[in-house]
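So the sequences go chain by chain: W and H. The first sequence begins at 90 in my numbering and counts up one residue at a time. The second sequence begins at 90 in my numbering and counts up one residue at a time.
Protein chains: 2
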Amino acid sequence: MLKKEELPDCPVATTVQLIGNKWKLLILRNLLSRPWRFNELRRSLDGISQKVLTESLRSMENDGIIIRTVYAEVSPRVEYSLSELGETLRPILDAMQAWGQEYKESFE
Amino acid sequence: MLKKEELPDCPVATTVQLIGNKWKLLILRNLLSRPWRFNELRRSLDGISQKVLTESLRSMENDGIIIRTVYAEVSPRVEYSLSELGETLRPILDAMQAWGQEYKESFE
DNA sequence: CGCAATAGTTACTTTTTGGTGACTGAGGCA
DNA sequence: TGCCTCAGTCACCAAAAAGTAACTATTGCG
Chain W
90 MLKKEELPDC PVATTVQLIG NKWKLLILRN LLSRPWRFNE LRRSLDGISQ KVLTESLRSM
150 ENDGIIIRTV YAEVSPRVEY SLSELGETLR PILDAMQAWG QEYKESFE
Chain H
90 MLKKEELPDC PVATTVQLIG NKWKLLILRN LLSRPWRFNE LRRSLDGISQ KVLTESLRSM
150 ENDGIIIRTV YAEVSPRVEY SLSELGETLR PILDAMQAWG QEYKESFE
């Protein structure tokens, strides 16, 4: 979790620092609908490497926007879900989704 | 300007491909209020190098979200402003601004 | 026993990105 | 005359990000 002093003055810059990155945004897009397992995310995010996926998940967990839950099962199951804070990011992703939709439709 | 075939299926991924990058988002934040000159942007975006600023501006110009206007004056004046398409990004930046604000306030 | 799946970590290499400094050319100013 | 500003470009080098491959532990299954 970032400390207050490490945050930029500008609110947009603050948001960008936490989620202004390709893979984090795509992970969030997935987690908005339901919890996802590690390998499930990996298969869904075309082109992401295991390393980058773990690094992104760790970073988002540290920032308090996602929650990692380990189920003591066979075989091991780890689920990633949005925290309450993560849920509050939904309007941003919704706006991006809407814009992308419009943009793509403008080509038809 | 990207062609339709180069865009990912997912609308969020499409948006991310165009503006999912630290400096582009901060440039947009500035341009939402008014047109900015090159060196004015450079001074405002703390830590950006001239190279990265020009590259970001060129890329956004190619994608049709900003407009570069050269005024034949002494000394040369170049202004960057949002295109109509760029204007439609406002809700995304607004959502990011609102979230960052809330997030920062949660530390007080 | 040996293999498969899960969810990683670690070390090493490669690719991409970004930074630095020099240069442009036109006019303003002391 | 020489230096300043503006808005860049270009070449080169360093740093950061990402890819790759090997390895971990656990348990079930045939």
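Ideal Cβ positions, reconstructed from N, Cα and C, are used throughout, including at glycine.
Coarse secondary structure for residue i, derived from DSSP in three states
i                 : result
isoleucine 154(W) : coil
isoleucine 166(H) : A quick correction: the sequence has arginine, not isoleucine, at residue 166(H). The answer is strand: DSSP assigns arginine 166(H) an E or B state.
leucine 121(W)    : coil
leucine 134(H)    : coil
leucine 171(H)    : strand
Chain W contact for residue i (CB, 8 Å cutoff)
i                 : result
isoleucine 181(H) : yes
tyrosine 192(H)   : yes
glycine 136(H)    : no
Partners in chain H for residue i, counting only beta-carbon separations shorter than 8 Å
i               : result
arginine 131(W) : The premise fails here: arginine 131(W) is roughly 16 Å from chain H at the closest Cβ pair, so nothing lies under 8 Å.
valine 101(W)   : Leu114, Leu115, Arg118, Leu182, Met185, Gln186 and Gly189
Cβ distance (whole Å) where residue i is taken to contact residue j below 8 Å
i              : j                    : result
leucine 182(H) : arginine 118(H)      : 6 Å
valine 167(W)  : phenylalanine 196(W) : Valine 167(W) to phenylalanine 196(W), Cβ: 39 Å. No contact.
leucine 174(H) : leucine 121(H)       : Leucine 174(H) to leucine 121(H), Cβ: 13 Å. No contact.
Contacts that residue i makes with chain W (C-beta to C-beta distance below 7 Å)
i              : result
leucine 178(H) : Trp188
Under 8 Å from the C-beta of residue i: neighbouring residues of chain W
i             : result
lysine 140(H) : The contacting residues do not exist; lysine 140(H) stays about 20 Å from chain W at best.
Neighbour list for residue i in chain H, Cβ cutoff strictly below 9 Å
i              : result
alanine 161(W) : Within 9 Å Cβ-Cβ: nothing; alanine 161(W) doesn't reach chain H, min ~33 Å.
leucine 96(W)  : Gly189, Tyr192, Lys193 and Phe196
Any chain H beta carbon closer than 8 Å to residue i
i              : result
glycine 175(W) : no
Under 7 Å by beta carbon: chain H residues contacting residue i
i                : result
threonine 104(W) : Met185, Trp188 and Gly189
For this session: Flag this pair as touching only if the region 165-185 of chain H and the region 187-194 of chain W have three or more C-beta atom pairs under 8 Å; answer yes or no.
Result: yes
Exercise. Quick check: the region 149-167 of chain W against the region 134-149 of chain H, are there 3 or more CB pairs under 8 Å?
Worked result: no
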